[in-house]
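Structure first, commentary second.
There are 2 protein chains.
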Amino acid sequence: MGAISKEGLDIANKSREIVRNKIKEVLGDEIKFNEKEMGIIERVVHATADPEYAKLLVFKNNPIEEGIKAIKEGKPIVVDVNMIKAGIRYNNVYCFISHPDVYEIAKKEGITRAVASMRLAKDYIDGGVVVIGNSPTALFEVIRLIKEECIKPKLVVGVPVGFVQASESKEALRKVEIPSISTIGPKGGTPVAVAIINGIIAYAKDKRA
Amino acid sequence: MGAISKEGLDIANKSREIVRNKIKEVLGDEIKFNEKEMGIIERVVHATADPEYAKLLVFKNNPIEEGIKAIKEGKPIVVDVNMIKAGIRYNNVYCFISHPDVYEIAKKEGITRAVASMRLAKDYIDGGVVVIGNSPTALFEVIRLIKEECIKPKLVVGVPVGFVQASESKEALRKVEIPSISTIGPKGGTPVAVAIINGIIAYAKDKRA
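Take a look at the structure:
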């Protein structure tokens, strides 16, 4: 995971082993995930030190393979907050939350900046990848774009965090016929989002190598 | 928390209320925190949707007041990863993890990039604020700088995440006579780090206003 020193690699390897055992404890005999999905789950538990995520992650409509394809084709990734952009190992990433137009639109229309930022990113979302780790309203807006404006993202990673609307937004995402990765309940957040998409980017690179 | 629309503010307010109740459930009657500490705890639980943090956060040597003072004086903040830099609402923030010298030093000396980045930031750390949300080795290096090179940060926010060395690094931090905020156990991470330091920055601004 970006480690170049022996110490860095040792920590990463030892951590991966512990993470695998913790996941086994949580999942017991009910492991219903394939190898690639397990790899993503491991990254999330590694990033959060919270094994509960093994029970919370949901993969719908072949999201990993669709994501790998999109990344290999160099499709854009649209994210809701700059922290996610800073964490993604990929060049073609867009975050409009601090765009001057977003402030204008949000104020004028009385919507959240997160919603305005997704509306502004519409053309990148269509045929691209969406990664939301913070804002439920951004995820609801992406779902609206899919349903009402026929926008078709290749993959939506929807893991907004929080006790208000986050669970509901992710439930709504799982009802849409789009490849998606999400979490059940209020948990989620930027490290979860980054772990998932960096995992998919790593898969896309390994296949090339 | 940066919300400008009515919807954004409503979500923030409702969330804060739920967060307070969840924290009460976790802490029960044993609330031993002052008002400013509770504000920081609320931000962390808000950022992670994980009320357990109310039991994990440790404030040592008057860290919030020392942090507020440092921010008001415009002292630099040194962080371990760019995700944290992207999340902090402050101008004077340094992250050297991707600095070309850091790659060189890490390779040559067989240390992690995180350690090399702290070594390179030494002059900023002395009299500044350190925020570590990812790398235990970075935190161990800061502790070494304090003990062996008489470097004196005004505040160390040490919340690296993970099952290898993270707990130990935070325990070591709590043994040093420096203002610090840390978590017990493997949990932590970039959103926890950002929530804590943005809370302190907010306190510093309110006092000015």
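These protein sequence lines are chains A and B, in that order.
Per this note's numbering, the first sequence starts with residue 1, numbered consecutively.
Per this note's numbering, the second sequence starts with residue 1001, numbered consecutively.
Note that the Cβ used here is the ideal one computed from N, Cα and C, for glycine as well.
Cut-off 6 Å between Cβ atoms - residues of its own chain near residue i, not counting five sequence neighbours on either side
i	result
B/A1204	I1068, I1071, K1072
B/I1040	I1196, G1199
B/G1087	V1194
A/T112	T137
A/I181	F59, P63, V157, I196
B/Y1215	Residue 1215 of chain B lies beyond the stretch modelled for chain B, which goes from 1001 to 1209, so this question has no answer here.
C-beta atoms of residue i and residue j nearer than 8 Å
i	j	result
A/P179	A/N62	yes
A/V81	A/G133	yes
A/L161	B/T1190	According to the sequence as given, residue 161 of chain A is Val; it is not Leu. Not a contact, by the Cβ cut-off of 8 Å.
A/I163	B/S1005	Note on residue identity: the sequence assigns Phe, not Ile, to residue 163 of chain A. Not closer than 8 Å, so no.
A/L56	A/K187	yes
A/K175	A/V129	no
B/V1102	B/L1120	yes
A/P51	A/K32	no
B/I1018	B/R1089	no
Bounding residues of the alpha helix (DSSP H) (the contiguous stretch that carries residue i)
i	result
A/K75	Element bounds for A/K75: n/a, residue is neither H nor E.
B/K1060	Per DSSP, B/K1060 belongs to no alpha helix (DSSP H); it is in the beta strand (DSSP E), 1057-1060.
B/F1140	1136-1149
B/K1175	That residue, B/K1175, is in no alpha helix (DSSP H); it is neither H nor E in DSSP.
A/I105	100-109
B/D1123	1122-1125
A/I40	35-48
Limits of the unbroken beta strand (DSSP E) element including residue i
i	result
A/S182	180-183
B/G1158	1155-1158
B/I1088	Run containing B/I1088: none; DSSP gives neither H nor E here.
B/I1132	1129-1132
Contact set between residue i and chain A, taken where Cβ atoms lie within less than 9 Å
i	result
B/S1169	Neighbours of B/S1169 on chain A: none; closest Cβ ~11 Å, over 9 Å.
Neighbourhood of residue i by C-beta, 7 Å cutoff - its chain only, sequence neighbours within 5 removed
i	result
B/V1115	T1137, A1138, E1141
B/V1093	I1077, V1079, K1085
Neighbour list for residue i in chain A, Cβ cutoff strictly below 8 Å
i	result
B/G1047	Correcting the residue identity first, residue 1047 of chain B is Ala in this sequence and not Gly. V161, G189, listed in chain order.
B/I1111	S5, E7
B/V1164	I11, K14, S15, I18
Interface residues of chain B facing residue i [CB-CB closer than 8 Å]
i	result
A/G199	The premise fails here: A/G199 is roughly 16 Å from chain B at the closest Cβ pair, so nothing lies under 8 Å.
Under 9 Å from the C-beta of residue i: neighbouring residues of chain B
i	result
A/S117	The contacting residues do not exist; A/S117 stays about 12 Å from chain B at best.
Proximal chain C residues relative to residue i, where beta-carbon distance stays under 7 Å
i	result
B/P1186	Annotation note: the requested chain C is absent from the structure, which comprises protein chains A and B.
Within chain B, partners of residue i - CB distance below 7 Å
i	result
A/K105	Residue identity differs from the one stated: residue 105 of chain A is Ile in this sequence, not Lys. Simply none; closest approach about 10 Å.
Own chain partners of residue i with C-beta closer than 8 Å, once the 5 adjacent residues on each side are dropped
i	result
B/E1149	K1122
B/R1020	E1042
B/S1167	I1184, G1185, P1186
A/I212	Examination of residue 212 of chain A is not possible in this model, given that chain A is present from 1 through 209 alone.
Using a beta-carbon distance cut-off of less than 8 Å, what residues from the stretch 1003-1036 of chain B approach chain A? A1003, I1004, S1005, K1006, E1007, G1008, I1011, K1014, S1015, I1018, V1019, K1022
In the stretch 1049-1061 of chain B, which residues sit with their C-beta less than 7 Å from some C-beta in chain A, listed in chain order? A1049, D1050
Going along the chain, which residues of the stretch 76-92 of chain A sit with their C-beta nearer than 9 Å to a C-beta in chain B? V81, N82, M83, I84, K85, A86, G87
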